[in-house]
Amino acid sequence: MIRSRTFRGFGNGGRKAFSGGRLFIPAALALGLFFLFSCKGEMRGAEGSPRAEVMQAVVKGEALMNAGNWGAMARHLQVGFDRYAPLGDLEKWEKYHLGFRYYLNYQYDSVRAVAYADSLKLLSAGVKLPALNTAKMMFNEGDFLFNRKKYAAAFRAYHKGHNYVLAKLSPCQQSYFVHHLSLIRYRQRDYQGAAVLIRQALDYNNRCAPGKDGLEKFSVEQGALNSLMLTYHKLGKLDSASSYGFRALEYIKDAQLAPGDSVYRTTAMGVVLGNLGGVKLSQGELQKAEVFLKRSIALNDRAGYAVEDAQSAKFKMADLYLKRGEAEKAALVLRGALAKIDSLSLSPDRDARIAMLSLGLWSRIFSMQNNMAAAYRASEKYHRAKDSLERTDVQLLGTDLSAEFDSIDRENQIRVLNEDSRMKTFYLVCSGIIVLMGAFVWIYTVGVLRRSRSKGLKLITLNRQLSSTVGQLEEAQHANQLLLKVVSHDLRNPIGGIRTITGMMLEEEGDLKEHRDTIRVINSSSEAAFSLIERLLEANPEVVLNREQIRLDAFILEVLALFEFSAKQKGQVLVARLLDVSLAVNRNEIHRVLSNLFSNAVKFGPLGSTITVRMVILAGKLEVSVADQGAGIPKDKHASVFDMYSGPGEPGTGGEKSFGMGLAISRRIIRGHDGMIGFRDADGGGTEFYFTLPLGQQY
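Start counting the sequence shown at 65; every next residue gets the next number (the numbering used here).
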């Protein structure tokens with residue numbers, strides 16, 4: 065759950081050394097709950113699974129963290145698990161993981177966070193962890209590096225974890241990690257990219273089988289809906305933001321939770337109401353905003369609930385009072401929020417952000433009270449704080465998550481190529497040694513057989529001549545192959561014409577009855593010749609692929625997400641209408657096909673156009689199509705679209721280069737999957753490329 069920012073600065077009627085920060089507790093709440101209960105679902109029933117009472121101790125720790133009860137949480141980590149001693153390995157893992165997250169995300173004590181992280185690593189080295197726990201370890205590393213502003217290293221950890229999640233976890237389990245990456249996009253102010261990932265997390269979460277308490281699904285569902293509300297709020301799409309806010313409230317109200325989980329329902333309700341109040345404030349509906357904000361404060365501004373989030377709602381209330389011209393009320397509610405925030409433990413980054421907005425609010429309050437000197441001082445400090453934060457955020461905002469993932473993939477490919485090059489060098493050295501040994505044997509033999517010296521010299525001469533002849537033959541063979549393809553290509557059209565004409569003659573009734581047998585022979589011969597020419601022109605008709613079972617719809621969304629940025633630059637909209645289908649395919653090769661089709665659609669689609677990806681079932685086959693709204697393919701180019709030797713293609717609508725080989729490669733891959741690929745005119749203009757794959761027994 066992404067939270068909007070709240071801040072502090074001047075308080076209690078006078079000047080105050082300010083500290084502040086961004087309140088991000090609701091996100092930690094939703095994701096923390098999912099961390100906890102998805103872990104329960106993963107390990108329950110496995111040998112050595114944590115005991116129920118130990119997991120209840122973890123639940124208590126989560127509740128203490130989310131309520132901001134830091135002192136009780138510290139004591140709980142020290143003695144709360146002692147009654148269950150001795151703890152099993154996975155039970156220790158749960159305790160250490162809870163402590164790591166507490167000191168990293170809530171107490172901001174990097175020394176203790178590292179100590180717990182080291183304990184987790186040592187324990188994990190001797191225990192076979194469930195896949196979900198392993199994935200969380202990888203994302204923990206990314207979170208730790210991200211908090212220390214080591215963004216490049218953090219993205220590498222996230223990339224490693226993301227690949228592991230895709231390979232090892234179900235879509236249901238992936239929902240948390242996809243939502244986690246959406247928070248990174250949100251922190252980078254890439255709100256459009258964040259919205260795409262949040263919707264994907266919602267889709268994955270809806271595939272989860274309901275548990276006994278339903279808390280796993282509840283935590284992600286309401287968190288993602290709230291995140292979409294905040295994301296669309298940032299994008300200025302206030303109607304959409306309001307719609308998602310009401311959807312979140314309705315879901316929270318109707319969710320089937322156990323009686324003991326009512327605190328989570330109440331906390332989530334308060335968080336969503338506070339954010340919805342902010343949306344209504346932006347829409348100018350001040351009366352509704354006041355109702356929502358007061359309800360939010362009433363629900364969470366008490367021990368055991370999201371106290372920190374309640375202060376966020378108070379900051380919004382101060383803004384609301386200022387818009388009404390009620391400066392005294394704004395000052396009163398702001399002082400109350402600051403007094404509560406002073407008792408909370410916040411990171412330096414959050415302190416700085418609270419200071420910025422707090423100063424801005426005090427500047428407006430003082431100005432409305434005609435205290436212009438105080439207003440000027442607060443405004444000046446506000447702008448200095450804002451400029452300082454902007455400089456701090458430059459590195460994060462200048463990094464694109466998708467681009468970083470692509471860069472890491474390229475580095476991995478280069479590493480593989482370098483390793484392959486080293487192996488080839490090794491083989492070359494071995495071959496050189498073998499050649500040298502052969503030369504030694506040959507020289508030794510020549511020395512022993514002095515009488516054969518003249519014959520040996522003659523043999524060397526003949527070998528040189530033979531090598532030269534072989535080289536000439538290879539060149540001639542290559543030239544003959546090219547000539548054969550040219551001749552085959554030139555013969556293709558006339559033989560095709562003969563086949564067509566004779567076919568038409570066979571269909572006609574007339575004076576040619578006595579020649580029908582001859583015509584039929586000509587037609588059959590031309591058909592065989594035409595088929596032979598087709599095989600001669602084919603570069604490599606056979607492709608052998610290693611396949612694996614994947615969810616094709618989810619895989620398409622993953623590949624499509626890589627093109628969000630390039631499509632966004634051209635103002636294009638990507639639309640996916642997919643089916644839930646699993647197939648056994650070669651993941652890397654199908655990735656190449658999808659990438660080629662998506663790249664071409666973005667490349668040749670006009671600015672501001674729509675690109676549509678569809679999946680349909682036709683006669684036991686799955687058809688995947690990609691349609692753009694470009695100018696289409698000229699008819700004189702149809703025959704060479706999939707030609708390996710067609711040369712560079714036309715530039716894209718943005719001047720992008722085209723090398724003309726992607727479709728030829730895609731055709732070879734699809735054929736290797738017993739499918740076919742083609743294109744047709746799209747409805748409303750443009751081109752629609754499609755390929756089909758047999759469904760087999762996996763649909």
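Virtual Cβ for every residue (Gly too), placed ideally from N, Cα, C.
All figures in this text were calculated on a predicted structure; none of them were measured in a lab.
Cβ-heavy atom distance, residue i to the ligand SAM, below 8 Å
i, result
"Glu752", "The ligand SAM is not part of the structure shown, which contains no ligands of any sort."
Buried versus exposed call for residue i [16 or more other C-beta atoms within 10 Å across all chains shown]
i, result
"Ser689", "buried"
"Thr489", "exposed"
"Asp207", "buried"
"Asp617", "buried"
"Asn610", "exposed"
"Gly719", "exposed"
"Ala683", "exposed"
"Ala625", "buried"
"Asp303", "exposed"
"Arg249", "buried"
"His244", "buried"
"Pro114", "buried"
"Arg528", "exposed"
"Pro194", "buried"
"Asp745", "exposed"
"Arg220", "buried"
"Gln264", "buried"
"Leu337", "buried"
"Lys192", "exposed"
"Tyr440", "exposed"
Neighbourhood of residue i by C-beta, 7 Å cutoff - its chain only, sequence neighbours within 5 removed
i, result
"Lys632", "Gln256"
"Ala503", "none"
Rounded distance between the beta-carbons of residue j and residue i, thought under 8 Å
i, j, result
"Ile620", "Leu638", "Not confirmed; about 11 Å, so no contact."
"Ala319", "Phe282", "5 Å"
"Ala199", "Leu209", "Their Cβ separation, rounded to whole angstroms, is 16 Å, which puts Ala199 and Leu209 out of contact at 8 Å."
"Asn290", "Gly334", "The Cβ separation is near 11 Å, so there is no contact."
"Tyr148", "Val122", "Tyr148 to Val122, Cβ: 11 Å. No contact."
"Lys393", "Gln375", "16 Å between Cβ atoms; not a contact."
"Ala449", "Ser427", "11 Å between Cβ atoms; not a contact."
Beta-carbon contacts of residue i that lie in its chain and below 6 Å, excluding the five residues immediately before and after
i, result
"Val397", "Lys378, Met381 and Ala382"
"Leu266", "Ala288"
"Leu671", "Lys634 and Gly635"
"Phe706", "Leu727, Ala728 and Arg731"
"Ser18", "With the chain represented from 65 up to 763, any question about residue 18 goes unanswered, as that position is not in the structure."
"Tyr170", "Met129"
"Leu141", "Gly163"
"Gln433", "Ala391"
"Gln238", "Val229 and Tyr268"
"Lys756", "Checking the sequence shown, residue 756 turns out to be Thr, not Lys. Excluding sequence neighbours, Thr756 sits near Lys685, Glu687, Gly739 and Met740."
"Phe145", "Ala121 and Lys159"
Whole-angstrom distance between residue j and residue i, CA atom to CA atom
i, j, result
"Glu354", "Asp644", "43 Å"
"Met487", "Gly300", "55 Å"
"Val175", "Ala665", "50 Å"
"Ala401", "Lys352", "21 Å"
"Glu752", "Arg678", "10 Å"
"Phe203", "Tyr222", "6 Å"
"Glu714", "Ala703", "15 Å"
"Gly424", "Asp415", "14 Å"
"Glu539", "Ser532", "11 Å"
"Asp153", "Leu647", "38 Å"
"Trp21", "Thr525", "With the chain covering only 65 through 763, there is no way to say anything about residue 21."
"Tyr268", "Gln286", "14 Å"
"Gly225", "Asn652", "18 Å"
"Phe98", "Val284", "Low per-residue confidence applies at Phe98: pLDDT is 43, beneath 50, and the placement is therefore not dependable enough to give any value."
"Met708", "Met725", "6 Å"
"Phe430", "Ile418", "18 Å"
"Ile583", "Met569", "8 Å"
"Ala258", "Glu622", "14 Å"
"Leu261", "Glu628", "11 Å"
"Phe743", "Arg580", "37 Å"
"Met201", "Ser495", "45 Å"
Contacting residues, own chain, Cβ-Cβ under 8 Å from residue i (five flanking each side not counted)
i, result
"Gly748", "Gln693"
"Gly769", "With the chain covering 65 to 763 only, the question about residue 769 has no answer from this structure."
"Met767", "Only positions 65 to 763 of the chain appear in this structure, which leaves residue 767 out of reach."
Checklist entry - Is it a yes or a no for the segment 283-294 touching the segment 338-346, going by three-plus beta-carbon pairs under 8 Å? => result yes
Checklist entry - With contact counted as at least three CB pairs below 8 Å, one residue from each stretch, are the segment 724-737 and the segment 644-662 in contact? => result yes
Next on the checklist: With a threshold of 8 Å, are at least 3 pairs of Cβ atoms found where one atom belongs to the segment 265-273 and the other to the segment 232-248?
Outcome noted: yes
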